[in-house]
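One structure below.
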Amino acid sequence: GAGVSQSPSNKVTEKGKDVELRCDPISGHTALYWYRQSLGQGLEFLIYFQGNSAPDKSGLPSDRFSAERTGGSVSTLTIQRTQQEDSAVYLCASSLRGDYNSPLHFGNGTRLTVT
Amino acid sequence: GNSVTQMEGPVTLSEEAFLTINCTYTATGYPSLFWYVQYPGEGLQLLLKATKADDKGSNKGFEATYRKETTSFHLEKGSVQVSDSAVYFCALRPYSTLTFGKGTMLLVSP
């Protein structure tokens, strides 16, 4: 079946511009996660949505980062006033449930380059 | 807090060699432990997992045993193939979110 879909696959933007990254999770998955992958930093947790609960935003690096999940499905990660240090691959994952027995399925990511 | 430490790479091996990638963790409670793999140009895939102490996860010839006494989850394979070349991530999951190590690149030459 269809996996986690992310768009765009690549995004080049100028410093100071806003960007929106989209994630379509696997249908029926209640949990959705955003991670950031950058050289030397590995995979950093950003934000987690579970059903209708308030999201866990504890990993967002600054108030320039925000995310929404509409209708319990599609999610958008927004970065305002992008900086060069925001350049990274942004990964989205979903899982059937939010418990530790429910494996995460990752998308192929959006590679963001801030010039 | 929760953290994962894994050996730095790249690990370079010849085909059919034995592989070990070390992973140790710090966590509160009793997390589940995972190895994920990222092949070139592809997304992260779950390789194997273990949910409690002394469990052994296995898949595609890879194995890892959850060692609570040494807080470790080392990845092993008896005979690597060129197609195993990838980046391997150790991760722990105490509740809902995964905490990853920085990844270890494996390069296998024919």
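Protein chains in written order, with the numbering used here: chain D, 449 to 563; chain P, 4 to 113. Built from N, CA and C at the ideal position, the CB exists for glycine as well. These figures come from a predicted structure and were not determined experimentally.
{"Asked": "Contact list for Gln498/D against chain P, beta-carbon separation under 9 angstroms", "Found": "Ser99"}
{"Asked": "Glu66/P at chain D interface by Cβ criterion, 8 angstroms", "Found": "no"}
{"Asked": "Option nearest His77/P by Cα separation, candidates Gly32/P, Asn25/P, Lys52/P, Leu101/P", "Found": "Asn25/P"}
{"Asked": "Identity of the residue in Ser455/D, Gln454/D, Thr461/D, Val452/D nearest Gln528/D by Cα", "Found": "Thr461/D"}
{"Asked": "Span of the beta strand (DSSP E), counted from its first residue to its last, around Glu468/D", "Found": "467 to 472"}
{"Asked": "Chain-ordered chain P contacts of Gly476/D [CB-CB under 9 angstroms]", "Found": "Here the premise fails: no neighbours, minimum Cβ distance about 17 angstroms."}
{"Asked": "Cβ contact check for the segment 79 to 86 of chain P and the segment 47 to 62 of chain P: 3 or more pairs under 8 angstroms", "Found": "no"}
{"Asked": "Buried versus exposed call for Gly490/D [16 or more other C-beta atoms within 10 Å across all chains shown]", "Found": "buried"}
{"Asked": "Simplified DSSP state of Ser17/P, which is helix, strand or coil", "Found": "strand"}
{"Asked": "Counted within 10 angstroms of its Cβ, other Cβ atoms place Gln532/D as buried (16 or more) or exposed", "Found": "exposed"}
{"Asked": "Where Gly513/D meets chain P, residues with beta-carbon distance less than 7 angstroms", "Found": "For clarity, residue 513/D is Phe in the given sequence; the question names Gly instead. Within chain P, no residue comes near Phe513/D; the closest Cβ sits about 16 angstroms away, beyond 7 angstroms."}
{"Asked": "Inter-residue spacing [alpha-carbon to alpha-carbon] between Ser503/D and Tyr481/D", "Found": "It is worth fixing the name first, because residue 503/D is Pro in this sequence and not Ser. Distance between the alpha carbons of Pro503/D and Tyr481/D is about 10 angstroms."}
{"Asked": "Cα-Cα separation, Gly104/P to Met10/P", "Found": "9 angstroms"}
{"Asked": "Delimiting residues of the beta strand (DSSP E) encompassing Met108/P", "Found": "107 to 112"}
{"Asked": "Rounded C-alpha distance that separates Thr530/D from Phe37/P", "Found": "33 angstroms"}
{"Asked": "Residues of the segment 456 to 490 of chain D with Cβ closer than 9 angstroms to any Cβ of chain P, in chain order", "Found": "Ala479, Tyr481, Tyr483, Gln485, Gly488, Gln489, Gly490"}
{"Asked": "Residue-chain proximity (Asp534/D, chain P), Cβ-Cβ < 8 angstroms", "Found": "no"}
{"Asked": "Member of Cys540/D, Arg545/D, Ser550/D whose CA lies at the smallest distance from the CA of Leu455/D", "Found": "First, the amino acid is wrong: residue 455/D is Ser here, not Leu. Taking only the C-alpha atoms, the option nearest Ser455/D is Cys540/D."}
{"Asked": "Own chain residues within Cβ distance below 6 angstroms of Arg96/P, not counting five before or after", "Found": "Pro34, Ser35"}
{"Asked": "Chain P contact for Tyr538/D (CB, 8 angstroms cutoff)", "Found": "no"}
{"Asked": "Tyr98/P classed as buried or exposed, judged by whether at least 16 other C-beta atoms fall within 10 angstroms", "Found": "exposed"}
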